[in-house]
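In the numbering used here, the protein residues as written are 1 to 728. We treat Cβ as the ideally placed atom computed from N, Cα and C, and that holds for glycine. As the structure is a prediction and not an experimental result, all values here were calculated from the model. Right, one structure below, let's go through it.
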Amino acid sequence: MKNKTHSKFKLWFDRLLSKSIWEQFLILGAVLVVALGLSYLMLSWSGAEWEKFCHDKNLSKWLLPVYLLIDSNALNNLYIGELKTGDKGVHGWMLIASSITFIIGAFIFNGAIIGIIVNFIDQRVSNYRGGHTHYLKSGHYIIMGYDDMVPSVISHIFEKDNSAYVLLLSSAEPELLREKLKKVFDDDKLKQIIINYGHRNSTGYYKDIHLETAEQVYIVGNRSNQSHDAINVECVDCICTYLEQLTVVSHPKRITCVFEDLDTYAAFKTSEIFGRVRDLHIEFVPYNFYSGWAKQVFVKQSHKDMDHPGKDIAYPAVYGKDVADPNSGKYVHLVFVGTTNFAVAFAMEAANVLHFPNGEKAKTRITFIDKNADEEKAEFIVRNRHFFEIQKYYYYDFSNAKDREKEKQGVRDEFVIFDGVDANFLDVEFEFIKGDVFSKEIQDHICKWAGEHNQKQYLSIFLAMANQRQNFVMGMNMPESVYTNEVPLFIRQDRSDNFVSNLRSADEKVRGGKKGSTYYFLNKENKVEEKGNLGGRYTNIYPFGMNETAYSADEWSLDCAKLVNYLYSTMPSDNKFQSLLVLSAMSDEQIRSEADEYWRGLSVALKWSNLYNAYNLRIKLAMLRFMRDLKMDNNSMDTKPLSDEEVKVLARLEHNRWNVEKLLMGYRKAHKDEDKYAVEDEDMKKKLKKNKDRFIHHDIRPFDQLDSVKELDKEFSRYIPWILRMTE
Numbered sequence: 001m002k003n004k005t006h007s008k009f010k011l012w013f014d015r016l017l018s019k020s021i022w023e024q025f026l027i028l029g030a031v032l033v034v035a036l037g038l039s040y041l042m043l044s045w046s047g048a049e050w051e052k053f054c055h056d057k058n059l060s061k062w063l064l065p066v067y068l069l070i071d072s073n074a075l076n077n078l079y080i081g082e083l084k085t086g087d088k089g090v091h092g093w094m095l096i097a098s099s100i101t102f103i104i105g106a107f108i109f110n111g112a113i114i115g116i117i118v119n120f121i122d123q124r125v126s127n128y129r130g131g132h133t134h135y136l137k138s139g140h141y142i143i144m145g146y147d148d149m150v151p152s153v154i155s156h157i158f159e160k161d162n163s164a165y166v167l168l169l170s171s172a173e174p175e176l177l178r179e180k181l182k183k184v185f186d187d188d189k190l191k192q193i194i195i196n197y198g199h200r201n202s203t204g205y206y207k208d209i210h211l212e213t214a215e216q217v218y219i220v221g222n223r224s225n226q227s228h229d230a231i232n233v234e235c236v237d238c239i240c241t242y243l244e245q246l247t248v249v250s251h252p253k254r255i256t257c258v259f260e261d262l263d264t265y266a267a268f269k270t271s272e273i274f275g276r277v278r279d280l281h282i283e284f285v286p287y288n289f290y291s292g293w294a295k296q297v298f299v300k301q302s303h304k305d306m307d308h309p310g311k312d313i314a315y316p317a318v319y320g321k322d323v324a325d326p327n328s329g330k331y332v333h334l335v336f337v338g339t340t341n342f343a344v345a346f347a348m349e350a351a352n353v354l355h356f357p358n359g360e361k362a363k364t365r366i367t368f369i370d371k372n373a374d375e376e377k378a379e380f381i382v383r384n385r386h387f388f389e390i391q392k393y394y395y396y397d398f399s400n401a402k403d404r405e406k407e408k409q410g411v412r413d414e415f416v417i418f419d420g421v422d423a424n425f426l427d428v429e430f431e432f433i434k435g436d437v438f439s440k441e442i443q444d445h446i447c448k449w450a451g452e453h454n455q456k457q458y459l460s461i462f463l464a465m466a467n468q469r470q471n472f473v474m475g476m477n478m479p480e481s482v483y484t485n486e487v488p489l490f491i492r493q494d495r496s497d498n499f500v501s502n503l504r505s506a507d508e509k510v511r512g513g514k515k516g517s518t519y520y521f522l523n524k525e526n527k528v529e530e531k532g533n534l535g536g537r538y539t540n541i542y543p544f545g546m547n548e549t550a551y552s553a554d555e556w557s558l559d560c561a562k563l564v565n566y567l568y569s570t571m572p573s574d575n576k577f578q579s580l581l582v583l584s585a586m587s588d589e590q591i592r593s594e595a596d597e598y599w600r601g602l603s604v605a606l607k608w609s610n611l612y613n614a615y616n617l618r619i620k621l622a623m624l625r626f627m628r629d630l631k632m633d634n635n636s637m638d639t640k641p642l643s644d645e646e647v648k649v650l651a652r653l654e655h656n657r658w659n660v661e662k663l664l665m666g667y668r669k670a671h672k673d674e675d676k677y678a679v680e681d682e683d684m685k686k687k688l689k690k691n692k693d694r695f696i697h698h699d700i701r702p703f704d705q706l707d708s709v710k711e712l713d714k715e716f717s718r719y720i721p722w723i724l725r726m727t728e
């Protein structure tokens, strides 16, 4: 029992010593009190007439022990020349008592205090290096967890606010994180990044980092952890619990949460699991690494240049001006080599975003090439079963050339449950090709597609295999027609884009130069023709997927989505928005404030619906410029009112986009016995219309089969110039 008590005392003492400087001085003060008591007792026991001396010198007897403790010359000043007992000199016991007191004082003040100060400095340095010192009180940005995409998040914050302070909370070694950040940021920016040790799921750290007064919180975690998404969901709950318990109402404006798994990410597009965040009036933004990259390629059409902060590197459009013609037979064709998370995420985002006026006559085609395409196809269809209940797909087996003819080829519709006009009306279709991209059969097929580029289709190839080396080898050794026909070739890179970007830049210098800028060939009449202004072999290769430039928030699309929702939320009557005269009478600040309020109360599913509408606005804008015979970068007529014909074309495009969006989000087309269009009774129609709450939507159908709701698509199209003006 005694040993146990003794051990507890040592534990308590060591913990006390390891705390702040004030606890250490508290111990020193306690020792000093004990020393004073001993000094007083020893002087009393010495038998010397020290009290008489104090009286003669007008010195308090309580100060003499202190004097002996703190003054190294106390014995000489007090006793050697003055404190005597008769003619016998200094009393022996007095000298002993004074000497012991002096030694104790010397130890305390000359040794202990210096030790405490040195220890204090050492502890401050250790706490800083270990991430245990907290500086930021309010207005800062918090990033929870660390992986390779964190530098891109920090860069995004600095782009928004160059003077911002970023607090990085991680259980990783702080010194290691500092070394990683030094590779990206200069010394001035590093001073604005504070690293604190802590676990994102432990609310005990939240008070120290002042989470409640932060501007925004980014929950990143470590995507290599298999439990990444579950831990991040738990972190959101912990933050909500912490904020709900505060007596003072204060919270971050936005929480951005990273999800690694595509299925988890998709589930949260329709789930209200984060209703607590909405109740706290915090904007919640889910983010997926792969889908985020897809938006950079298809929506923003650019990615960050890490070598030149604030600069973007442009991606080419995967479409051309002919797709703006409703009667054009040209179609957009995306080919994904591999069925990795990148390929699947890119395909899903492309299906949501890439819709064009010619869609009904020339569907956007998305092709997967993979050795295991038959297995991957089955999983992809199950993930998006309601899409394939309507739309047929294509399947080809190139894995065994000898037996290929025995395999059922081409169109497949075994999952389609609708028929007639209720089937195959979507403007996006999928194709699955089983085979090795390095095989002659697949290479010949790619060569055939490349020959049709700009003639029959707009082809783009994405090398998204799991093995980065294979992506690079394939990218450098495509069929010659891919390079000569300038087919955009996207190559996945794990980290730096320098090699691919520098290779492209070097070959771009050939374009327009004296050497190698002209290509000669024999035409059908067997005459030599030349094709000028050609770049080098690798002029059209582009990197994607780099960790360092992963995070890219599209604030413009978010602002547009809020305005889209504002229009629908403030409709005074069915199929009619507030008039432009009413909107023009309101200040922009008032509209944005009300739009933010409506947005906070919106369900997750409707938020995503408005976001995908906003993502497609850039496509609509490009189509409008093409229809008006303007160049892609000519914005002079963006806010001009649309003509009736333009409204008609964009309204049909919008409904085609909406059909695919709803199906990929988990909605399904209503069966005959659920379809409000199949009944005449108005009361029954109203009841069937409520099936939307069960993700059964009656308006998933061809545009021409809609009732008066088609007027709403036209109404929205008319307001596109207003949205562009509000966000310019």
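DSSP state of residue i, grouped into three classes?
| i | result |
| --- | --- |
| residue 662 | helix |
| residue 249 | coil |
| residue 79 | In this predicted model, residue 79 has a pLDDT of only 49, less than 50, meaning its place in the structure is not dependable; the value taken from the coordinates is given anyway. Reduced to three states, the DSSP call for residue 79 is helix. |
| residue 33 | helix |
| residue 192 | coil |
| residue 542 | strand |
| residue 629 | coil |
| residue 228 | helix |
| residue 367 | strand |
| residue 40 | helix |
| residue 355 | coil |
Determine whether the beta carbon atoms of residue i and residue j lie at a separation below 8 Å.
| i | j | result |
| --- | --- | --- |
| residue 323 | residue 490 | no |
| residue 567 | residue 577 | yes |
| residue 706 | residue 357 | no |
| residue 330 | residue 458 | yes |
| residue 565 | residue 602 | yes |
| residue 545 | residue 492 | yes |
| residue 171 | residue 132 | no |
| residue 431 | residue 367 | yes |
| residue 181 | residue 190 | yes |
| residue 710 | residue 716 | no |
| residue 433 | residue 369 | yes |
| residue 203 | residue 242 | yes |
| residue 464 | residue 317 | no |
| residue 482 | residue 450 | yes |
| residue 177 | residue 141 | no |
| residue 396 | residue 412 | no |
| residue 429 | residue 365 | yes |
| residue 262 | residue 341 | yes |
| residue 146 | residue 220 | yes |
| residue 477 | residue 453 | no |
| residue 679 | residue 672 | no |
Just to check my reading of the structure: residue i and residue j have Cβ atoms closer than 8 Å, yes? What is that Cβ distance to the nearest angstrom?
| i | j | result |
| --- | --- | --- |
| residue 194 | residue 165 | 7 Å |
| residue 253 | residue 216 | 6 Å |
| residue 503 | residue 541 | 7 Å |
| residue 422 | residue 657 | The Cβ separation is near 19 Å, so there is no contact. |
| residue 210 | residue 138 | 6 Å |
| residue 600 | residue 281 | 6 Å |
Taking 8 Å as the limit between beta carbons, can you name the residues of its chain near residue i, skipping five residues before and five after?
| i | result |
| --- | --- |
| residue 246 | 212 |
| residue 552 | 152, 156, 292, 295, 296, 300, 303 and 304 |
| residue 554 | 295, 299, 300 and 615 |
Which residues in the same chain have their Cβ closer than 6 Å to the Cβ of residue i, if we skip the five residues on either side of it in sequence?
| i | result |
| --- | --- |
| residue 278 | none |
| residue 287 | 256 and 258 |
| residue 494 | 468 |
| residue 713 | 651, 654 and 655 |
Under 7 Å Cβ to Cβ from residue i, same chain only, skipping five residues before and after it: list those, please.
| i | result |
| --- | --- |
| residue 731 | With the chain represented from 1 up to 728, any question about residue 731 goes unanswered, as that position is not in the structure. |
| residue 514 | With a pLDDT of only 49 at residue 514, under 50, the local geometry of the prediction cannot be trusted, and the value read off the model is given with reservation. Excluding positions up to five away in sequence, the list is empty. |
| residue 175 | 129 |
Check whether the stretch 379 to 387 and the stretch 620 to 637 touch, using three or more Cβ-Cβ pairs below 8 Å as the test. no
Between the stretch 319 to 335 and the stretch 442 to 462, do at least 3 Cβ pairs fall closer than 8 Å? By the C-beta criterion, the stretch 319 to 335 is judged to be in contact with the stretch 442 to 462, since at least 3 inter-stretch pairs fall below 8 Å.
Below 8 Å, how does it come out for the stretch 257 to 268 and the stretch 581 to 589: are there three or more Cβ pairs, yes or no? Output reads no: the stretch 581 to 589 does not touch the stretch 257 to 268.
Would you check if the stretch 345 to 357 and the stretch 606 to 622 touch, i.e. whether three or more CB-CB distances between them fall below 8 Å? The way I'd put it, the stretch 606 to 622 does touch the stretch 345 to 357; three or more beta-carbon pairs between them come closer than 8 Å.
Pairing CB atoms from the stretch 691 to 698 with CB atoms from the stretch 661 to 681, are three or more of them under 8 Å? In short, these stretches touch, since the Cβ pair count reaches three.
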